[in-house]
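Undergrad: Line order of the protein sequences matches chains A and B.
Residue 1 is where the first sequence starts when you use the numbering used here, and the numbers rise one by one after that.
Residue 339 is where the second sequence starts when you use the numbering used here, and the numbers rise one by one after that.
No residue lacks a Cβ here, since even glycine has one placed at the ideal position from N, Cα and C.
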Amino acid sequence: MSVVQTSSPLVSPAPAGDTAGRRARVLTRLAGIKLLSSLFVLWGTATVTFVVLAILPGDRATILLNVRSGLTVPRSPAELAPVNREFGFDDSFVTQYLTYFGRLLHGDLGQSYQSGRPVATIIGEQIGPTFVLAFAALLLAWVLTIAWTLLTAGRGPRLRSLGSAGETVTAGLPQYWVGILLLIVFAAQLGWFPVIGGTSPSGTILPVITLAVPLAGFLGQATRTEFDRAIREPFVLSARTRGMGDLEVRWRHVLRHALIPGITLSGWAIGTLLSGAVLVETVFARPGLGAVLVTAVGQKDLAVVSGIVVLVSALYVVINLVVDVVYVAVDPRLRGSL
Amino acid sequence: MTTHAPSRSRTLLIVLSAALALVLSACSSGGGSSSAGDGKRIVDQTITYAHAQEPPCLWGGWVQQAYLSRQVFDSLVSYDDGKIVPWLATSWKTSEDGRTITFTLRDDVTFTDGTPFNADAVVANNANWAKGIGWNSFTYLTDAKAVDDHTVELHLSQRNPEIFQELSNGHYGIQSPTALTTRSVEDNCHKPVGSGPWIVKQWKVGDGIDFVRNDDYNSAPANAKHNGPAYQKELDWKFVPDANTRWSALTTGQADVIYDVPSVQWATAQKNYEVLNFVSGGRPQAFSFNVQQGPTTDKRVRQAFLYATDRKKIIETVFKGSVPFEGNGTLASSQPDYLNVDSAYPYDVEKANQLLDEAGWTVKNKDGIRTKDGKPLTIRLPFGNGAIVTSDGSAALQAVQDQVKSVGIDLKLIPLTQTQTFAGEKSAPDEKELSFGYWVWGAPNILDINFAAKQGGAPNGNNTTFFDDPEVEQKIKAAQVETDPAKRTAAYDELQQYFSDEAIAVGFYGMTYNAAISPKLKGVWQDQNSNGLLNFNDAYFVS
Chain A
1 MSVVQTSSPL VSPAPAGDTA GRRARVLTRL AGIKLLSSLF VLWGTATVTF VVLAILPGDR
61 ATILLNVRSG LTVPRSPAEL APVNREFGFD DSFVTQYLTY FGRLLHGDLG QSYQSGRPVA
121 TIIGEQIGPT FVLAFAALLL AWVLTIAWTL LTAGRGPRLR SLGSAGETVT AGLPQYWVGI
181 LLLIVFAAQL GWFPVIGGTS PSGTILPVIT LAVPLAGFLG QATRTEFDRA IREPFVLSAR
241 TRGMGDLEVR WRHVLRHALI PGITLSGWAI GTLLSGAVLV ETVFARPGLG AVLVTAVGQK
301 DLAVVSGIVV LVSALYVVIN LVVDVVYVAV DPRLRGSL
Chain B
339 MTTHAPSRSR TLLIVLSAAL ALVLSACSSG GGSSSAGDGK RIVDQTITYA HAQEPPCLWG
399 GWVQQAYLSR QVFDSLVSYD DGKIVPWLAT SWKTSEDGRT ITFTLRDDVT FTDGTPFNAD
459 AVVANNANWA KGIGWNSFTY LTDAKAVDDH TVELHLSQRN PEIFQELSNG HYGIQSPTAL
519 TTRSVEDNCH KPVGSGPWIV KQWKVGDGID FVRNDDYNSA PANAKHNGPA YQKELDWKFV
579 PDANTRWSAL TTGQADVIYD VPSVQWATAQ KNYEVLNFVS GGRPQAFSFN VQQGPTTDKR
639 VRQAFLYATD RKKIIETVFK GSVPFEGNGT LASSQPDYLN VDSAYPYDVE KANQLLDEAG
699 WTVKNKDGIR TKDGKPLTIR LPFGNGAIVT SDGSAALQAV QDQVKSVGID LKLIPLTQTQ
759 TFAGEKSAPD EKELSFGYWV WGAPNILDIN FAAKQGGAPN GNNTTFFDDP EVEQKIKAAQ
819 VETDPAKRTA AYDELQQYFS DEAIAVGFYG MTYNAAISPK LKGVWQDQNS NGLLNFNDAY
879 FVS
């Protein structure tokens with residue numbers, strides 16, 4: 001991430017005259033296309049969420065009645081009718097979709113079928129710890145990836161295979177297993193961290209490591225391939241002939257090239273970190289969107305599921321825009337093409 | 339009271355009585371040291387309790403909700419080992435026809451929002467139960483009427499001698515009528531107002547609930563260890579879904595009490611901690627054979643299935659002593675009028691084979707499965723994976739699957755997702771030959787709930803055997819309105835024996851609720867009525 005901070009201004013000074021005007025027009029058009037495609041992504045996720053929850057097996061009114069009363073029985077039409085009427089489950093598919101989408105357009109996320117609580121409140125309660133966990137994990141994963149890459153990539157065969165083996169192993173580690181292991185060793189045995197840490201800073205460290213280690217493995221694999229390729233490029237040789245030290249060559253020239261695939265992966269990673277941290281949340285008894293989402297999907301609680309999915313995809317869109325900017329920062333060649 | 343409690347079951351009745359003895363001795367010694375004035379009791383601290391599941395609302399029809407409601411609400415009456423004792427009601431009487439119960443209420447109790455507790459409060463709560471508890475009709479409660487300020491009548495649609503046990507089970511807590519009428523649904527869900535020992539300070543969703551002591555508490559039930567405010571100042575109720583995490587929280591001292599010990603740690607828990615273990619009321623984890631259609635309509639097939647399995651051994655192996663084997667599939671062992679039928683259907687492969695031969699399942703196909711008229715002897719068993727049957731429970735079912743295979747029965751285990759389970763899927767008579775599950779309930783009218791062909795005119799969804807025998811159903815309905823205890827016991831004995839002999843409903847293991855408690859904390863006790871709710875009001879630390 002320090003790469004971003006040390007980089008030069010995002011857009012190089014614009015050439016004078018006619019070219020400037022043309023570039024502005026091109027930029028506006030590009031921005032317009034980006035905006036449209038972002039809106040399309042949001043519409044798409046909202047729609048897919050609706051369709052999937054509607055066609056997944058399981059009658060929503062029955063689930064509602066059973067979850068409320070703690071039973072698992074089939075329900076009679078007489079029991080179901082009032083629930084279907086209240087929530088509009090018996091309206092036509094199209095009517096339900098239009099109601100749902102109209103609400104979303106007004107920024108109304110609705111209320112949970114199950115608890116009756118506003119979805120905005122439910123998300124508001126959980127978003128803080130989720131953000132902290134996701135971004136801290138991504139940051140730590142990058143720190144680990146960069147350190148590991150600089151240390152082992154583009155070196156002798158022994159170090160290289162050690163580095164790549166490390167990545168393959170960590171990338172394949174199941175989160176639940178890593179979490180339990182860290183919990184037992186560092187919280188239960190050594191007592192360095194609380195077992196039930198909640199959202200406290202000391203309680204956040206182990207969950208962050210749990211998420212960051214496998215992610216660092218993924219990022220590392222992508223970075224390494226590119227790093228190994230870049231270090232054989234002629235510009236590396238020319239930098240070395242200019243008398244640049246090994247570490248500086250790796251850090252300033254090679255790493256920059258190698259970061260691009262990892263940055264692309266980061267956009268994807270943040271999406272999964274925001275909504276898919278449920279196992280880690282469970283192990284460390286930590287609040288977060290993951291557990292809320294899993295429960296809501298299980299109960300076909302459309303309002304909650306769509307609220308979270310739309311929010312995460314909105315963030316995903318924003319983050320991918322950021323990723324595009326970061327590309328430019330990391331790779332000056334892209335500056336002209338923006 | 340629901341089948342909705344993904345608790346891992348564990349225990350033995352012996353353990354239960356041992357644990358009880360422990361609590362009692364702990365209490366008496368604690369009381370003794372206090373009166374001796376050695377000042378070892380530590381008060382005004384925070385109790386940290388790690389629970390498994392977080393319900394959407396603090397009260398309602400789930401067992402998990404009763405665990406919470408019990409901390410905040412008082413009830414009309416309390417259950418003390420087979421006896422009903424006063425709580426918010428000081429006395430009560432039942433009318434001649436059994437359909438009107440008149441309660442005389444305490445006149446010195448105030449809800450924590452300042453509203454006085456009186457007959458109108460009970461009337462308001464009766465309406466709230468009807469709305470908020472999905473199975474309220476099984477108590478036969480209809481309406482309520484205030485006779486005077488501190489006398490209230492509850493009306494029933496039919497005689498129900500068990501109504502007191504049901505009212506004392508934790509779901510029937512009394513809330514402030516002012517709060518119920520003036521506050522939002524959400525407020526009443528997350529911060530309801532009662533007259534109980536604890537007040538909700540804050541519910542941090544996904545994390546836990548902070549309770550603070552009700553300093554004016556003066557309405558403990560007659561079977562509590564003391565009447566008055568809790569000894570400790572705060573109760574920190576954490577939601578910790580993972581059993582290993584809960585266990586680590588206990589061993590590191592971060593939690594003083596944990597719910598549902600992992601069965602691999604059960605032996606250690608018994609050695610190093612105080613354990614409470616309660617076999618829930620109602621019906622244990624039991625097999626219900628489809629007696630309406632398919633091969634299991636033949637009694638010999640049902641019995642062969644049971645003889646082919648060493649159920650007792652399986653439970654011992656899987657649950658490591660934390661959960662008892664249970665042979666009765668109709669009533670739980672903690673239920674009054676329970677009949678022990680554990681010796682029925684011992685492991686006897688030869689007999690199983692003989693019964694299947696007699697039933698005409700004589701030809702085995704190439705997979706070793708018996709067939710009749712070319713059809714294999716397949717028994718489909720859909721089960722609520724996670725929600726109803728824990729991972730240990732599902733391991734036990736796999737062992738059953740293995741054993742019945744050896745006599746030529748093809749047991750198909752069909753794990754259902756949570757969505758499918760709550761959608762009531764795979765519950766039609768042509769979709770399964772066997773069901774498996776429990777039903778937590780405080781009274782033997784669980785037989786009516788589980789074996790009546792119809793409920794309110796519609797097919798009874800709780801009847802997983804699809805049993806339909808008007809004569810037996812008549813006996814069930816007669817038993818539950820019988821007021822003579824001896825006749826009542828005899829009637830229930832006959833019914834339990836019938837369902838066991840006919841192999842319609844046969845037990846596998848007890849549905850248990852357990853807790854492990856740090857040696858530093860004394861006086862925590864488990865309600866002995868149907869779901870083992872924990873009481874923290876009497877708890878105190880020792881140095």
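#1: Using 8 Å for Cβ pairs, my map puts Leu-109 of chain A next to Gly-307 of chain A. What's the rounded Cβ distance?
#2: Applying a beta-carbon distance threshold of less than 7 Å, which residues of chain B neighbour Asn-415 of chain A?
#3: In whole angstroms, give me the CA-to-CA distance for Tyr-878 of chain B and Ile-380 of chain B.
#4: Could one say the Cβ of Gln-603 of chain B lies closer than 8 Å to chain A's Cβ atoms, at least one of them?
#5: What are the boundary residues of the alpha helix (DSSP H) that includes Asn-615 of chain B?
#6: Taking the alpha helix (DSSP H) that Thr-589 of chain B falls in, what are its first and last residues?
#7: What's the C-alpha gap between Trp-251 of chain A and Ala-137 of chain A?
#8: Helix, strand or coil for Asp-486 of chain B? Go by DSSP, reduced to three states.
#9: State the DSSP-derived secondary structure class of Ser-407 of chain B, mapped to helix, strand or coil.
#10: Thr-264 of chain A to Asp-412 of chain B, Cα distance in whole Å?
#11: Taking only three categories from DSSP, how would you classify Trp-43 of chain A?
#12: Kindly indicate which three-state DSSP category Ile-537 of chain B falls into: helix, strand or coil?
#13: On a Cα-Cα basis, can you pick out the residue from B:Ala-682, B:Gln-866, B:Asn-869, B:Lys-858 that is closest to Ser-881 of chain B?
#14: Compare the Cα-Cα distances from Asp-59 of chain A to each of A:Thr-72, A:Val-328, A:Gly-107 and report the closest residue.
#15: Suppose the cutoff is 6 Å on Cβ atoms and the five residues either side in sequence are ignored; what does the same chain contact list for Gln-383 of chain B look like?
#16: Do Leu-677 of chain B and Asp-525 of chain B have their beta-carbon atoms positioned less than 8 Å apart in this structure?
#17: Taking Cβ-Cβ distances below 9 Å as the criterion, which residues of the stretch 51 to 77 of chain A are in contact with chain B?
#18: Would you report the Cα separation of Arg-640 of chain B and Trp-777 of chain B, rounded to the nearest angstrom?
#19: Closest to Lys-815 of chain B by CA distance: which of B:Lys-658, B:Phe-789, B:Leu-443 is it?
#20: If you reduce the DSSP assignment to three classes, tell me which class Glu-763 of chain B lands in.
#21: Is Ser-672 of chain B closer than 8 Å to Glu-664 of chain B when the C-beta atoms are compared?
#22: To the nearest angstrom, report how far apart Pro-662 of chain B and Glu-654 of chain B are at their CA atoms.
#23: If you run the structure through DSSP and keep just helix, strand and coil, what is Gly-88 of chain A?
#24: Take Ala-560 of chain B as the anchor and find which of B:Ala-427, B:Ala-791, B:Leu-719 has the nearest alpha-carbon.
#25: Are any of the Cβ atoms in chain A nearer than 8 Å to that of Gly-369 of chain B?
#26: In the DSSP output, what is Val-701 of chain B paired with across the bridge?
#27: Is any heavy atom of the ligand MN found at a distance shorter than 7 Å from the C-beta of Val-254 of chain A?
#28: Going by beta carbon distance, what residues of the same chain come within less than 8 Å of Asp-554 of chain B, once the five residues before and after it are set aside?
#29: What does DSSP give as the partner residue(s) for Ser-416 of chain B in the beta ladder?
#30: Check the Cβ of Thr-606 of chain B against every Cβ in chain A and list those closer than 8 Å, keeping chain order.
#31: Around the C-beta of Glu-688 of chain B, are 16 or more other C-beta atoms found within 10 angstroms, so that it is buried, or is it exposed?
#32: In three-state DSSP terms, what is Gly-845 of chain B?
#33: Find the residues of chain B that neighbour Glu-372 of chain A, judging by a C-beta separation of less than 7 Å, and give them in chain order.
#34: In the DSSP assignment, what are the bridge partners of Ile-380 of chain B?
#35: From Ser-164 of chain A to Thr-47 of chain A, what distance separates their C-alpha atoms?
#36: Please list the partners that Gly-722 of chain B has in chain A, where partner means a Cβ-to-Cβ separation under 9 Å.
TA: The relevant details are as follows:
#1: 4 Å
#2: Nothing in the structure corresponds to residue 415 of chain A, since chain A is present only between 1 and 338.
#3: 6 Å
#4: no
#5: Unbroken run through Asn-615 of chain B is the beta strand (DSSP E), 612 to 617; no alpha helix (DSSP H).
#6: 581 to 589
#7: 22 Å
#8: strand
#9: helix
#10: 58 Å
#11: helix
#12: strand
#13: B:Lys-858
#14: A:Thr-72
#15: Gln-570, Phe-879
#16: no
#17: Leu-56, Pro-57, Gly-58, Asp-59, Arg-60, Thr-62, Ile-63, Leu-64, Leu-65, Asn-66, Val-67, Arg-68, Ser-69, Gly-70, Leu-71, Thr-72, Val-73, Pro-74, Arg-75, Ser-76, Pro-77
#18: 21 Å
#19: B:Phe-789
#20: coil
#21: no
#22: 8 Å
#23: coil
#24: B:Ala-427
#25: Interpretation of Gly-369 of chain B is limited by its pLDDT of 37, a score under 50 that renders its predicted location unreliable; no figure is taken from the coordinates.
#26: B:Thr-709
#27: This structure lacks the ligand MN, and indeed carries no ligand of any kind.
#28: Thr-448, Thr-450, Pro-567
#29: B:Val-423
#30: Neighbours of Thr-606 of chain B on chain A: none; closest Cβ ~13 Å, over 8 Å.
#31: exposed
#32: strand
#33: The first residue shown for chain A is 1 and the last is 338, placing residue 372 of chain A beyond what the model contains.
#34: B:Phe-879
#35: 41 Å
#36: Thr-72
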